[in-house]
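Novice:
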Amino acid sequence: MNQRMRTRMMSLTLLIIAAMAMSMAQPARSAAIDVTVTTPPPKAPIENAMPARSGYVWAQGYYVYRPDGYVWVNGGYITERSGFQWVNDRWEEDRGRFRFVPGHWAR
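Take 209 as the starting number for the sequence shown in the numbering used here and just add one per residue.
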């Protein structure tokens, strides 16, 4: 095998390794900003999700709070993490104040 062929094979191998590493990275679904408001979120719409295919779980949609009010973020499928369970994004009430809790993986 000549030097040019070895260089091409090495480049292809590195490209494949990089693609595999990127596919395993888990994108953040929600910001890590602490949000507390006095207005409760609206009732969540019903999402009709198909059963997740192998290797994926359903992450339920949620409301985010913007200066002009609540905005719905649709749910979607995320890559499953072995040994972990997805905890959905949610709003928790504490003495009339509502705090956003971002979704996360839990053991």
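For glycine and all other residues, C-beta sits at the position ideal for the given N, C-alpha and C. In this text the structure is predicted, and so the values were computed from the model without any measurement.
1) Express the C-alpha separation of PRO259 and GLU301 in angstroms, rounding to a whole number.
2) Between the alpha carbons of ILE286 and TYR273, how many angstroms are there, rounded?
3) Buried or exposed, going by whether 16 or more other CB atoms sit within 10 Å of the CB of TYR264?
4) Quick check: the Cα distance between SER231 and GLU288, rounded to an integer number of angstroms?
5) Give the single residue among ALA252, ALA314 and ARG307 whose Cα lies nearest to the Cα of GLY291.
Specialist: The structure says:
1) 30 Å
2) 22 Å
3) exposed
4) In this prediction, SER231 has a pLDDT of 44, which is less than 50 and means its spatial position is unreliable; nothing more can be read from the coordinates.
5) ALA314
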